[in-house]
């Protein structure tokens with residue numbers, strides 16, 4: 043284990059001395075299938091959400107504004123998935139050139155940061171609607187939400203636009219990698235830059251969401267004690283459930299990636315990680331990035347809890363399909379019974395002829 047006072051030349055030598063790690067073929071097949079399923083599920087779920095939100099005569103509230111922008115962010119993310127699927131299908135080899143690799147990285151992390159900020163806004167919006175109902179009515183209006191979304195997109199673009207200026211491809215073991223850590227590990231002050239980005243885009247939002255969930259839960263308990271009739275209407279309970287779903291989605295999807303990044307960057311600032319440590323980090327990075335990208339498939343579940351109209355519409359579709367399948371099965375059963383009766387009635391005739 044090298045000390046933090048190691049000579050920079052020896053550090054760069056030790057970094058380059060590690061043999062390039064190439065994942066097994068099974069990993070590329072699994073990732074290819076995973077992103078293909080994610081592409082289908084995310085596209086269908088988010089298009090359904092947008093179609094419902096854009097229906098004529100439907101009143102849009104502040105939560106709907108954030109969810110519409112979240113669906114747009116996820117659909118933008120799906121545009122980059124075919125390139126990623128091709129990358130894994132070709133066994134971690136990028137055939138589309140440096141420019142498209144940078145654009146793919148930009149879209150991936152624009153969705154990551156934008157998605158976290160928008161889900162934070164959903165939690166804050168529910169907090170204002172439930173806990174600060176009469177104090178900040180303008181802050182959770184639809185017009186104000188639109189302005190906040192513009193600011194969120196601007197912040198996310200500012201955070202991710204440097205990816206368009208950094209080389210994201212690198213020849214490794216006869217292949218051209220794309221969006222791998224090996225492509226950016228030589229960036230100046232990279233550990234410090236990544237740690238600051240993690241604090242801004244992950245630790246801060248998670249702390250805000252946790253605060254909102256605790257405050258809404260406390261408010262719900264007080265309301266249930268003071269006014270049981272009001273609590274039975276379920277408005278506060280739904281707000282609490284929505285905030286919890288958003289918080290769980292962020293923790294499940296984004297925590298493994300950011301905690302993995304943070305621990306490795308901290309170690310890299312203290313000492314030079316060994317080759318096995320670097321390999322373990324790169325393998326875990328593939329897994330945690332996949333889990334993080336899964337957020338675009340989980341977001342339709344958030345729409346289900348957030349929008350009563352969306353929930354009723356989706357349940358009505360499922361009920362109609364279930365009714366159609368049951369009626370078709372009943373129709374097949376009755377036709378089978380009729381054909382059996384006809385066969386039984388024709389049997390004696392056949393025997394008489396013989």
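Residue numbers (the numbering used here): 43 to 396.
Cβ atoms here follow ideal geometry from the backbone N, Cα and C, with glycine treated the same way.
Keep in mind it's a predicted model, so treat the numbers as computed, not measured.
CA-to-CA distance, residue j to residue i, given in whole angstroms
| i | j | result |
| --- | --- | --- |
| residue 127 | residue 221 | 13 Å |
| residue 318 | residue 61 | 10 Å |
| residue 189 | residue 161 | 16 Å |
| residue 183 | residue 346 | 21 Å |
| residue 164 | residue 216 | 46 Å |
| residue 263 | residue 246 | 26 Å |
| residue 144 | residue 87 | 27 Å |
| residue 212 | residue 140 | 9 Å |
| residue 49 | residue 240 | Low confidence applies to residue 49: its pLDDT is 44, below 50, so where it sits in the model is not reliable, and the reading given next is rough at best. Taking the straight line joining both Cα atoms gives about 28 Å. |
| residue 439 | residue 204 | Residue 439 is absent from the structure shown; the chain starts at 43 and stops at 396. |
| residue 67 | residue 133 | 6 Å |
| residue 243 | residue 90 | 28 Å |
| residue 259 | residue 135 | 49 Å |
| residue 308 | residue 233 | 7 Å |
| residue 201 | residue 237 | 13 Å |
| residue 110 | residue 323 | 35 Å |
| residue 230 | residue 156 | 25 Å |
| residue 315 | residue 73 | 27 Å |
| residue 104 | residue 92 | 15 Å |
| residue 75 | residue 296 | 21 Å |
| residue 252 | residue 122 | 31 Å |
| residue 337 | residue 293 | 10 Å |
| residue 112 | residue 214 | 36 Å |
| residue 402 | residue 367 | In this structure the chain extends from 43 to 396, so residue 402 is not present and cannot be described. |
| residue 101 | residue 361 | 25 Å |
| residue 330 | residue 96 | 34 Å |
| residue 186 | residue 250 | 19 Å |
| residue 302 | residue 266 | 41 Å |
| residue 283 | residue 344 | 10 Å |
Local conformation of residue i per DSSP, three classes
| i | result |
| --- | --- |
| residue 220 | strand |
| residue 101 | coil |
| residue 261 | helix |
| residue 229 | coil |
| residue 207 | coil |
| residue 65 | coil |
| residue 74 | helix |
| residue 55 | Note that residue 55 scores 41 on pLDDT, short of 50, meaning its location in the model is unreliable; the coordinates nonetheless yield the value given after this. Of the three classes helix, strand and coil, the one that applies to residue 55 here is helix, per DSSP. |
| residue 245 | helix |
| residue 395 | Caution applies to residue 395, whose pLDDT of 39 falls short of 50 and renders its modelled position unreliable; the value that the coordinates give is listed next. The answer is helix: DSSP assigns residue 395 an H, G or I state. |
| residue 254 | helix |
| residue 240 | helix |
| residue 282 | helix |
| residue 96 | coil |
Paired residues, beta bridge with residue i - DSSP
| i | result |
| --- | --- |
| residue 214 | 217 |
Residue burial classification, residue i (beta-carbon count within 10 angstroms, cutoff 16)
| i | result |
| --- | --- |
| residue 150 | buried |
| residue 207 | exposed |
| residue 154 | buried |
| residue 225 | buried |
| residue 287 | buried |
| residue 194 | buried |
| residue 342 | buried |
| residue 107 | buried |
| residue 209 | exposed |
| residue 176 | exposed |
| residue 310 | buried |
| residue 357 | exposed |
| residue 359 | exposed |
| residue 364 | exposed |
| residue 82 | exposed |
| residue 79 | exposed |
| residue 196 | exposed |
Contact test: residue i Cβ vs the ligand MG heavy atom, cutoff 7 Å
| i | result |
| --- | --- |
| residue 244 | Looking for the ligand MG in the displayed structure turns up nothing, as the structure carries no ligands at all. |
Can you list, in chain order, the stretches of the beta strand (DSSP E) that have 3 or more residues and sit fully within the region 117–205? none
Counting only runs that start and end within the region 293–352, where is the beta strand (DSSP E) found for 3 or more residues in a row? none
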